[in-house]
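Q: Protein chains in written order, with the UniProt record's numbering: chain R, 1 to 304; chain P, 1 to 304; chain C, 1 to 304; chain X, 1 to 304. The beta carbon of each residue, even a glycine, is placed where N, CA and C say it ideally should be.
Number of protein chains: 4
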Amino acid sequence: MNYQKIFTEVLKKMDGYKDSGSPASYIPELRDVDPSKFGVHLITNKNKNYSIGDSEEKFSIQSISKVLSLVMAYKLIDEDLWKRVGVEPSGTPFNSLIQLEYDQGIPRNPFINAGALVICDVLVEHLENPKEEFLNFVRSLSGNSKLEYCSRIAESEKATSFRNASLINLMKDLGNIRNDIDTVLDFYFNLCSIEMTCNELTRTFLFLASNGKDLITNERFLSSSKSKRVNAVMQLCGFYDEAGEFSFKVGLPGKSGVGGGIVAILPNHYCIAVWSPRLNKKGNSSKGMKFLELFTSETELSIF
Amino acid sequence: MNYQKIFTEVLKKMDGYKDSGSPASYIPELRDVDPSKFGVHLITNKNKNYSIGDSEEKFSIQSISKVLSLVMAYKLIDEDLWKRVGVEPSGTPFNSLIQLEYDQGIPRNPFINAGALVICDVLVEHLENPKEEFLNFVRSLSGNSKLEYCSRIAESEKATSFRNASLINLMKDLGNIRNDIDTVLDFYFNLCSIEMTCNELTRTFLFLASNGKDLITNERFLSSSKSKRVNAVMQLCGFYDEAGEFSFKVGLPGKSGVGGGIVAILPNHYCIAVWSPRLNKKGNSSKGMKFLELFTSETELSIF
Amino acid sequence: MNYQKIFTEVLKKMDGYKDSGSPASYIPELRDVDPSKFGVHLITNKNKNYSIGDSEEKFSIQSISKVLSLVMAYKLIDEDLWKRVGVEPSGTPFNSLIQLEYDQGIPRNPFINAGALVICDVLVEHLENPKEEFLNFVRSLSGNSKLEYCSRIAESEKATSFRNASLINLMKDLGNIRNDIDTVLDFYFNLCSIEMTCNELTRTFLFLASNGKDLITNERFLSSSKSKRVNAVMQLCGFYDEAGEFSFKVGLPGKSGVGGGIVAILPNHYCIAVWSPRLNKKGNSSKGMKFLELFTSETELSIF
Amino acid sequence: MNYQKIFTEVLKKMDGYKDSGSPASYIPELRDVDPSKFGVHLITNKNKNYSIGDSEEKFSIQSISKVLSLVMAYKLIDEDLWKRVGVEPSGTPFNSLIQLEYDQGIPRNPFINAGALVICDVLVEHLENPKEEFLNFVRSLSGNSKLEYCSRIAESEKATSFRNASLINLMKDLGNIRNDIDTVLDFYFNLCSIEMTCNELTRTFLFLASNGKDLITNERFLSSSKSKRVNAVMQLCGFYDEAGEFSFKVGLPGKSGVGGGIVAILPNHYCIAVWSPRLNKKGNSSKGMKFLELFTSETELSIF
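Below you can see the structure in the form of structure tokens.
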């Protein structure tokens with residue numbers, strides 16, 4: 001399929017589209033991004049590449065990293081992982097804390113903050129140098145040995161992160177955090193600080209479009225069954241409490257971040273990444289979601 | 001693919017499987033079913049048929065009907081439907097009532113009881129003879145003009161249904177029920193009372209495996225886009241608060257009922273139905289879910 | 001103490017007080033009341049009487065009746081009553097339904113709607129002619145044999161009362177309603193429909209200011225211990241989720257109704273009733289609360 | 001009234017009483033207390049003293065301290081205090097976190113942990129040496145210049161206190177904590193670490209039995225109006241989610257601590273303290289509550 005041509009069609013349909021919402025504002029590094037930025041990159045699992053706009057510009061991938069830490073933890077402890085974190089959608093946002101209490105410290109899924117903190121705790125427990133090893137893992141996925149944490153972003157996150165401190169202390173109280181709180185938080189803030197371009201992002205996630213094996217390098221990063229399951233978790237939980245809306249309108253497993261990035265996957269076909277900093281009320285990129293909705297309508301291809 | 005052979009493989013793997021849970025017990029018609037019943041039927045969208053066990057025996061499809069009433073309401077009022085009901089998963093069960101209050105009477109999705117009642121209200125509003133017209137619609141989908149409501153089951157449901165009366169009164173209070181409460185409840189109990197075999201069930205839902213068009217009769221029941229969206233809603237919301245688990249393990253959009261039936265769809269390939277009355281704690285067929293999990297593992301085909 | 005003089009002092013302090021809020025509007029009988037009405041009556045347990053304003057005008061006492069039905073049920077089944085309803089404050093209003101679910105159908109206290117419905121269920125269970133016998137009981141308390149239900153108000157309540165139907169159905173589902181739902185609701189609407197003047201109201205509640213025994217007629221309506229306990233329940237639960245505020249500012253056990261009435265008691269001293277139809281956000285009379293706050297400040301007498 | 005004689009009567013009635021529950025076990029200092037300890041002391045506001053059992057033995061007063069920190073903060077910033085903390089009962093315990101979220105970080109009352117932390121934050125903000133000045137205040141109330149913090153208990157609390165860290169971080173996130181989290185927590189753990197005897201406890205709280213003025217020394221610690229209001233807050237919120245039960249059975253404003261102590265007040269009459277380490281399910285002293293229930297029944301004196 002000629003995706004470049006489809007990109008053109010979609011952009012034509014978006015003519016007159018009025019972007020809404022604002023970039024995340026809780027740290028300067030996100031607040032000060034030019035809100036008109038817009039980039040798209042698509043890579044097929046046969047290594048065809050298509051892009052538009054600011055697809056070569058780096059942005060903070062934020063929560064999108066949580067898929068990669070999940071993959072790493074899943075490889076390490078297999079299905080035992082699910083004793084400490086669930087795979088169910090989270091319902092409404094105001095429930096996060098009560099559900100943690102009600103469920104005795106077991107977060108609903110690995111992508112809400114509480115769940116991502118548990119995943120970090122697993123990695124801190126099983127890795128000798130979690131920060132270093134995680135970075136190396138992401139580098140190997142992306143084929144880019146120069147990827148780095150952004151310490152400025154990590155520091156900003158840390159300075160404002162009372163909510164995450166609240167969550168991790170509650171889970172520690174309920175017995176689902178095994179390591180030192182500050183160590184786990186530090187790791188968490190670092191992994192969310194990575195910056196990538198749309199191009200790098202699709203390359204990094206391509207293995208999930210082909211059952212865990214990178215078809216370009218032929219390296220297997222995850223078993224086929226686990227790869228499908230990570231996609232399933234993204235489908236159900238990848239967009240905060242807007243997972244239903246994204247499934248309904250876009251129809252692809254994916255993950256968003258408050259930096260305005262979204263990565264999505266059509267299994268056996270492609271991985272696509274979009275970036276546009278303005279967020280809707282649920283914290284997902286407004287324009288990014290619109291673009292993907294029109295894109296899957298135009299291609300008439302989704303998982304459904 | 002030779003699905004019959006795969007059925008055999010799966011059954012072999014289930015050798016030694018110990019069924020657990022009990023059939024639903026709140027009405028005699030469900031309580032008195034032989035809990036050892038087990039049937040499977042698969043139909044491809046090229047009309048190949050495969051089955052095992054009690055696939056020709058009728059059982060109460062219960063909530064599985066809610067997909068069909070959704071389809072009918074969606075055809076009638078298009079995207080306006082989503083002003084009155086959401087497409088997000090419901091979170092934990094104990095939240096149902098508080099979420100209704102918090103969301104001002106808008107149910108999270110069309111498959112929780114509150115949502116299905118709103119769908120019934122829509123049909124009562126827009127159809128002249130809702131019960132008759134809905135039955136005719138199901139008959140046309142199934143190609144079986146003899147399908148009937150089971151009045152015995154409908155009566156039993158009505159006699160025990162204080163919870164549904166509580167829900168519909170709350171929504172009436174909040175302005176999201178427009179018709180007479182008793183009329184809507186009567187319609188609701190009837191539509192949940194339909195009985196089908198696994199064979200009939202797959203035939204009825206086959207159009208959702210081919211973008212809304214029945215490839216055998218060439219009749220279009222739903223637009224391609226709406227058909228995909230119904231599948232998306234099933235994926236996210238079809239299994240009460242076990243949607244994540246089903247997605248994770250089975251990886252197909254589907255819908256379960258407390259009669260022990262499950263229908264699931266692999267878009268562009270097939271529709272499968274299983275029936276086994278013992279339910280797990282979340283109200284889904286234990287053995288049915290296990291069978292489907294092994295089945296999609298064996299075929300290595302899912303939407304992910 | 002010369003309460004009449006204190007009334008004058010308080011009114012002087014309220015000079016310039018700007019009443020706020022609106023009368024209850026969900027039924028015409030409450031909506032159409034003149035919002036500027038204001039009456040006060042105080043009776044000591046030595047039968048001294050003091051009043052100001054519209055103290056001889058009848059108004060709908062609404063939830064204030066719930067104290068009287070509680071008294072009657074408590075006499076009938078003693079401490080067994082507390083197996084079916086609690087004595088704890090209700091917390092925030094949006095919790096009512098979830099707490100009922102969480103607590104398995106046991107309402108937090110007899111004054112929230114759910115609790116008052118359970119009390120009605122108790123009376124329907126133990127009385128031959130609940131409506132008649134309850135009315136006679138209220139007549140005997142008030143010394144006024146002409147008190148009547150107001151059928152017009154009862155009918156209006158019934159026509160709008162989907163929320164109460166929701167609550168009672170939920171409790172029926174959870175096993176805490178033993179009688180026919182419509183019978184209990186009919187009784188409930190009637191008992192809330194009684195109209196009294198401030199004067200009649202204080203006379204009716206006077207027995208709670210003297211340990212259950214009417215010191216004027218010397219008739220004992222309730223044991224001393226039970227009378228104190230009813231006061232305790234009023235103190236903790238008599239003002240919806242504003243019980244703390246009322247205790248804090250007024251410092252007397254009392255009960256309010258959405259008709260704008262408040263009755264309050266200083267044990268061993270007096271019973272006071274105020275009436276002013278404008279309600280604050282919590283559903284209690286704005287001006288009535290202000291008057292009582294200044295009144296207990298001026299007298300320097302409260303239970304604390 | 002001869003309270004010593006009444007003590008004897010009550011003990012006679014408790015003959016055969018089987019104590020239940022266990023001492024708090026989350027820190028060694030509470031866990032290792034002899035669970036059979038039992039002491040009572042009553043002081044009238046005319047300085048008559050009555051006691052039984054282990055009334056001269058020190059125990060950890062724990063949350064009872066929260067009344068004293070409230071008094072100190074209330075003196076410092078008057079009614080402005082209630083912008084940062086409410087006066088309403090807290091409902092069920094599992095709500096604590098969700099209510100904090102829902103109410104934007106404003107705790108329901110000053111006695112739940114979240115509220116007590118806000119009170120500490122107020123004191124840290126307005127005092128130069130909060131720990132020293134608070135201790136001096138308690139010493140002046142008690143007339144005992146040798147009272148000390150117990151650093152061993154404070155350290156134990158700190159080591160296990162992830163739940164409090166969770167609460168304070170959540171409130172910091174929501175803007176209701178103004179000082180450094182560790183400073184506030186350190187102050188909080190210290191103030192809960194004070195040890196007193198029943199005798200010392202009643203002496204310390206006696207001013208609340210006489211409108212804020214110690215009638216023995218004639219020193220005024222709090223205005224009459226504020227003193228009544230502190231009693232009102234104790235009445236509504238002093239026993240976690242068992243405030244209704246305590247009001248209902250005992251009928252006095254009071255405050256309990258997980259060390260097994262309870263202090264209660266009959267305004268214009270006396271202050272009483274009981275100590276017995278076994279706690280019921282709600283965290284209040286089982287035997288202490290029973291004793292007080294029988295005591296107020298026997299005296300036929302309560303605020304109701």
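1. For serine 256 (chain P), write down the residues that DSSP places opposite it in a beta bridge.
2. 7 Å is my cut-off, CB to CB: does valine 71 (chain P) come that close to chain R?
3. Any residues in the stretch 156 to 177 of chain P with a beta carbon nearer than 9 Å to a beta carbon of chain C? Which ones, in chain order?
4. Rounded to the nearest angstrom, what separates serine 256 (chain X) and proline 130 (chain R) at their Cα positions?
5. So for glutamate 195 (chain X), helix, strand or coil by DSSP?
6. Compare the Cα-Cα distances from glutamate 79 (chain P) to each of P:Glu9, P:Asp173 and P:Val230 and report the closest residue.
7. Within 7 Å (strictly less), CB to CB, does leucine 97 (chain X) reach chain R?
8. Go ahead and pull the three-state DSSP assignment for glutamate 9 (chain X).
9. Which residues share a DSSP beta bridge with glycine 39 (chain C)?
10. Under a three-way DSSP split, which group does leucine 30 (chain R) fall into?
11. I'd like the list of long-range same chain contacts for phenylalanine 137 (chain X), defined as Cβ closer than 6 Å, with 5 residues on each side in sequence excluded.
12. Please state if the CB of glycine 86 (chain X) and the CB of asparagine 176 (chain X) are separated by a distance shorter than 7 Å.
13. Is there a Cβ from chain P that is less than 7 Å from the Cβ of arginine 229 (chain R)?
14. Between serine 223 (chain C) and chain X, is the shortest Cβ-Cβ distance under 7 Å, so that the two count as touching?
15. In three-state terms, what does DSSP make of aspartate 173 (chain X)?
16. Over what stretch of residues does the alpha helix (DSSP H) that includes glutamate 300 (chain P) continue unbroken?
17. Among P:Thr296, P:Phe304, P:Trp275 and P:Lys281, which one has its Cα closest to the Cα of glutamate 57 (chain P)?
18. Quick one: does glycine 244 (chain C) have its CB under 7 Å from some CB of chain X?
19. Spatial neighbours of residue 332 (chain C) within its chain, please: C-beta separation below 6 Å, excluding the five flanking residues on both sides.
20. Any C-beta of chain P sitting closer than 7 Å to the C-beta of glutamate 88 (chain R)?
21. By the 9 Å beta-carbon criterion, what residues does the stretch 98 to 110 of chain R contribute toward chain X?
22. Evaluate glycine 260 (chain C) with the Cβ neighbour count: other Cβ atoms within 10 Å of its Cβ, from every protein chain shown; 16 or more gives buried, anything less gives exposed.
23. I'd like to confirm the pairing. Which residues does DSSP put opposite arginine 220 (chain P) in its beta bridges?
24. Is it true that the CB of isoleucine 112 (chain X) sits closer than 7 Å to the CB of serine 90 (chain X)?
25. Please classify glycine 16 (chain X): is it buried, with 16 or more other beta-carbons within 10 angstroms of its beta-carbon, or exposed?
26. Report back the beta-carbon spacing between lysine 75 (chain R) and leucine 222 (chain R) to the nearest angstrom; my notes put them in contact at under 8 Å.
27. Would you mind listing the beta strand (DSSP E) stretches within the stretch 48 to 122 of chain X that are 3+ residues and don't spill past its ends, in chain order?
28. Would cysteine 271 (chain R) pass as a contact of isoleucine 43 (chain R) if the rule is Cβ separation under 7 Å?
29. State the Cα-Cα distance for the pair serine 140 (chain C) and glutamine 4 (chain C), rounded to the nearest angstrom.
30. How many angstroms separate the CA atom of proline 23 (chain X) from the CA atom of aspartate 34 (chain X)?
31. Alpha helix (DSSP H) containing leucine 141 (chain P): first to last residue?
32. Does the stretch 244 to 251 of chain C touch the stretch 286 to 295 of chain C, meaning 3 or more C-beta pairs lie closer than 8 Å?
33. Output yes or no for whether 7 Å exceeds the beta carbon distance between phenylalanine 162 (chain X) and asparagine 218 (chain R).
34. Rounded to a whole number of angstroms, what is the C-alpha to C-alpha distance between glutamate 101 (chain X) and leucine 135 (chain C)?
35. Let's see if you can read the secondary structure: which residues bound the alpha helix (DSSP H) around glycine 244 (chain X)?
36. Relative to the C-alpha of serine 302 (chain P), which residue among R:Ala154, R:Gly238 and R:Ser210 is closest?
A: Result, derived from the coordinates:
1. P:Ile262
2. no
3. Thr160, Ser161, Phe162, Arg163, Asn164, Ala165, Ser166, Leu167, Ile168, Asn169, Leu170, Met171, Lys172, Asp173, Leu174 and Ile177
4. 46 Å
5. strand
6. P:Val230
7. yes
8. helix
9. C:Gly53 and C:Trp275
10. helix
11. Met72
12. no
13. yes
14. no
15. helix
16. It is not in any alpha helix (DSSP H) - glutamate 300 (chain P) carries neither H nor E in the DSSP assignment.
17. P:Trp275
18. yes
19. The first residue shown for chain C is 1 and the last is 304, placing residue 332 (chain C) beyond what the model contains.
20. yes
21. Ile98, Leu100, Glu101 and Tyr102
22. buried
23. P:Lys213
24. yes
25. exposed
26. 6 Å
27. 49 to 53
28. yes
29. 28 Å
30. 9 Å
31. 130 to 142
32. yes
33. no
34. 45 Å
35. 243 to 249
36. R:Ser210
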